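Take 27 as the starting number for the sequence shown in the working numbering and just add one per residue. For every residue, glycine included, the Cβ atom is placed at its ideal position computed from N, Cα and C. Since the model is a prediction, treat every value here as computed from it, not as a measurement.
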Amino acid sequence: MKTFNELTLETKQPIVISDDQGFVVYINQCFTDVYLWDSELIGQTLADIIPSNFHDSHNLGFSRFTMTEISHVANHPINAMVITKDGRAVLSEHYITAQNIEGKWFFTAQLRPLSGENK
């Protein structure tokens, strides 16, 4: 598995990294270009970019991972919406990886917008 540093340096796809509490700690320029969020997203929760009807299941997934360290979404592609800064929902393929750094988990989502957008 590639490290976060390797992934962020070599990819031309949008990337968002969160900590184990769901707070955004990093976005790359491509994420800004596609989803319009910039540094104001750093320190905010992933809830800002997840449709509201998925907040509960997302929070449950984080809680389950914290207790078991088993992920049901990592290491395989999933399709889900990403909310842009201007409120549009963009269907995107997510490839999520988890990495434990000095006892703390971080999650990287490498995103690929799929054709078509929904409002």
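So is residue i buried or exposed if we call it buried at 16+ other beta carbons inside 10 Å?
i      : result
PRO40  : buried
GLN136 : buried
HIS81  : exposed
HIS102 : exposed
Residue i to residue j, Cα distance in whole Å?
i      : j      : result
ILE163 : ILE68  : Given a span of 27 to 145 for the chain in the structure shown, any question on residue 163 remains unanswerable.
ALA124 : ILE76  : 18 angstroms
HIS16  : GLU128 : The structure shown does not extend to residue 16, since the chain is modelled only from 27 to 145, so the question has no answer here.
THR71  : VAL60  : 19 angstroms
GLU119 : LYS38  : 14 angstroms
PRO139 : ASP45  : 23 angstroms
ASN54  : VAL42  : 7 angstroms
THR134 : ILE122 : 5 angstroms
TRP63  : ASN79  : 20 angstroms
THR58  : THR94  : 33 angstroms
CYS56  : LYS130 : 26 angstroms
Once DSSP output is grouped into helix, strand and coil, what is the label at residue i?
i      : result
LYS130 : strand
PRO139 : strand
GLN39  : coil
GLN125 : strand
Mind the definition here: the segment 44-54 touches the segment 98-105 only if three or more C-beta pairs lie below 8 angstroms; say whether that holds.
no
Examine the Cβ distances between the segment 112-121 and the segment 78-93 and report whether three or more of them are shorter than 8 angstroms.
no
Mind listing, in chain order, the continuous alpha helix (DSSP H) runs of no fewer than 4 residues lying wholly within the segment 47-117?
55-61 and 81-94
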